[in-house]
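Have a look at the structure below before the remarks.
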Amino acid sequence: MDPVRKGRPWGLPLEDRVLMVAASWRTSLTLRHLAPLFGVSKSAADRVVDHLGPSLALQPRQRFRKDTVLIVDGTLVSTRDHRIAEQSKNYRYSTNHQVVIDADTRLVVAVGRPVSGNRNGCKAWEISGAKAAVDKTTVIADGGYRAPVWSSHTVESVVRPNSRPGRKSTTPPIARSAPA
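Here it is in structure tokens:
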């Protein structure tokens, strides 16, 4: 039972409330669909998730180990709110979201603020706050991002450790693409 509190007691025990928050995060069910599964109203389910959710969320890391490698990528998300969204690819209004994951654990370690969709990835990376969240940790990304830490030479030496940066391949392109 919860500690003594003022006001009306929760309609669900703590275990069920924690399960509701986990189900809300891990499934694509809306609160309108989730609430009947727990026998509460949509409003009560919303209060449970809003109240208990922040307590269960992982706190963002302040620092990363020295050998940590992070991966960043961005995606365009169609958005109806035209205050932040801008017309971008495919003539749709969208926002650009930058997500950073740990290469070892595959856990999301940072998510940038949404920026207008007509920004390219490297600009969105800087202004969304994702770059500031990871500070000077080694980050790898696709060729659309620019930074000295993860230049194409660095990524190439990770993929092919025996090759020297700047050295051109003597193998013809057709032979390289043929299966071994």
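In this note's numbering, the protein residues as written are 5 to 184. Positions of the beta carbon are idealized from the N, C-alpha and C atoms, including for glycine.
- Q102 is not a Cβ neighbour of G121, given a cutoff of 8 Å.
- Contact annotation, A107 with V138: C-beta distance approximately 12 Å; criterion of less than 8 Å not satisfied.
- The three-state secondary structure of V44, taken from DSSP, is coil.
- Here R69 is exposed, its C-beta having fewer than 16 other C-beta atoms within 10 Å.
- The beta carbon of G133 sits closer than 7 Å to the beta carbons of G116, R117 from its chain, once the five residues preceding and following it are set aside; these are given in chain order.
- Inclusion of V53 and S28 in the CB contact set at 8 Å is warranted, their separation being smaller than that value.
- Excluding five sequence positions before and after S98, the CB atoms of its chain that fall closer than 7 Å to its own CB belong to L80, V81, S82, T83, A89, S92, G121, given in chain order.
- Here DSSP, grouped into helix, strand and coil, assigns S32 to coil.
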